[in-house]
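Here's the structure, in structure tokens; my notes come after.
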Amino acid sequence: MTNASRALAALGDATRREIFEQLAVGPSSVGALAARLPVSRPAVSQHLRVLKEAGLVEETPEGARRIYRLDPRGIGAMRDWLDQHWDAALAAFKDFVEQPEEPTA
Amino acid sequence: MTIKPVVKTLTVKASPERAFEAFTASMGQWWPKSHTIGATPFVAVVMEPRVGGRWYERAADGAETNWGKVLAWDPPRGFVLAWQISADWAYDPNLMTEVEVRFEAKGDGTTAVTLEHRRLELFGERAQAMADSFDGGWVGVIQHFVDFVGG
Chain A
48 MTNASRALAA LGDATRREIF EQLAVGPSSV GALAARLPVS RPAVSQHLRV
98 LKEAGLVEET PEGARRIYRL DPRGIGAMRD WLDQHWDAAL AAFKDFVEQP
148 EEPTA
Chain B
2 MTIKPVVKTL TVKASPERAF EAFTASMGQW WPKSHTIGAT PFVAVVMEPR
52 VGGRWYERAA DGAETNWGKV LAWDPPRGFV LAWQISADWA YDPNLMTEVE
102 VRFEAKGDGT TAVTLEHRRL ELFGERAQAM ADSFDGGWVG VIQHFVDFVG
152 G
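Protein chains in written order, with this note's numbering: chain A, 48 to 152; chain B, 2 to 152.
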């Protein structure tokens with residue numbers, strides 16, 4: 048599964064999308080997210096774990112709490128795309144540059 | 002925070018001069034047609050052959066869509082481009098990821114081509130900046146990305 052499809056799958060759940068959008072507004076703790084959403088703390092933690100595995104959020108410890116924020120490396124999906132893009136582009140380049148030179152008209 | 006560059010190497014049966022020329026002056030003839038950000042398909046991909054030159058695609062109706070610019074130009078050894086297409090598939094003049102391509106003769110008539118796309122962490126920083134300035138920006142970024150990859 049690519050990062051992109053993992054990200055899509057992670058955001059396919061309405062509650063996770065809501066959490067993701069909350070974090071787009073600013074970093075937050077599990078408790079603060081649970082207070083703003085009609086979801087229990089354990090459920091929020093579970094959703095955050097899925098978002099984290101999809102590369103969409105990251106966590107940093109702050110005292111006894113963990114603070115969650117959007118992971119700018121969610122853009123790892125972008126890197127995956129570029130990796131595939133350059134494979135395809137360079138294969139096409141090789142085909143092109145190795146074809147016999149066309150006689151100039 | 003840094004993200005590992007994308008590095009590709011390949012060998013082509015051509016001289017460095019021919020490889021450099023084909024890569025730059027004929028880019029529109031081999032660049033994947035689906036890898037475009039213009040409103041309509043491109044008929045040419047233009048890399049102006051000088052430092053500071055523009056890099057853009059041109060559609061049949063003459064419309065030009067910027068992709069980036071030339072940062073270094075050293076034929077036939079190589080060049081560096083600024084790839085300024087953001088994670089939401091738009092030209093972003095403030096985004097400066099770099100693509101360096103080098104051509105090295107291997108002595109048997111073939112050429113080693115090395116491509117490095119680096120400073121990829123800038124995608125994230127720009128995306129974060131956009132997310133900070135537009136409500137729900139990140140969701141849009143991801144959705145555009147998924148649409149693009151899926152399409």
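All C-beta atoms, glycine included, are put in the ideal place defined by N, C-alpha and C.
Q) Along chain B, in chain order, which residues have C-beta atoms closer than 7 Å to that of Arg-126(A)? A) From the beta-carbon of Arg-126(A), the residues of chain B found nearer than 7 Å are Ile-4, Val-7, Leu-121.
Q. Quick one: does Val-104(A) have its CB under 8 Å from some CB of chain B?
A. For Val-104(A), the answer is no, since every Cβ of chain B falls outside 8 Å of its Cβ.
Q) With distances taken between CB atoms, is the gap from Thr-37(B) to Ala-61(B) smaller than 8 Å? A) At the C-beta level, Thr-37(B) and Ala-61(B) stay beyond 8 Å of one another.
Q. What residue does the alpha helix (DSSP H) around Met-28(B) start on, and which one ends it?
A. Segment 28–31, the alpha helix (DSSP H) holding Met-28(B).
Q) Between Pro-50(B) and the rest of its own chain, which residues show a CB-CB distance below 7 Å, the 5 nearest in sequence each way excluded? A) Here the set comprises Thr-25, Trp-74.
Q) Of all the CB atoms in chain B, is at least one closer than 8 Å to the CB of Leu-84(A)? A) No, because no Cβ of chain B sits closer than 8 Å to the Cβ of Leu-84(A).
**Q.** Those residues which DSSP pairs with Lys-5(B) across a bridge
**A.** According to DSSP, Lys-5(B) bridges with nothing at all.
Q. What is the DSSP secondary structure of Ala-136(A), counted as helix, strand or coil?
A. Three-state DSSP puts Ala-136(A) in a helix.
Q: Run down chain A in chain order and give the residues with a C-beta less than 9 Å from the C-beta of Gln-85(B).
A: None at all; the shortest Cβ gap to chain A is about 14 Å.
Q: Under 8 Å between beta-carbons, which chain B residues line up against Ala-135(A)? List them in chain order, please.
A: By Cβ distance, chain B contributes Pro-33, His-36.
Q | Residues from the stretch 37–62 of chain B in contact with chain A, defined by Cβ distance under 7 Å | A | None of the residues of the stretch 37–62 of chain B has a beta carbon lying less than 7 Å from any beta carbon of chain A.
Q) Can you tell me whether Asp-136(B) is buried or exposed, with buried defined as 16 or more other CB within 10 angstroms of its CB? A) Bear in mind that the predicted position of Asp-136(B) carries a pLDDT of just 42, short of 50, making it unreliable; the figure below should be weighed with that in mind. Exposed is the call here.
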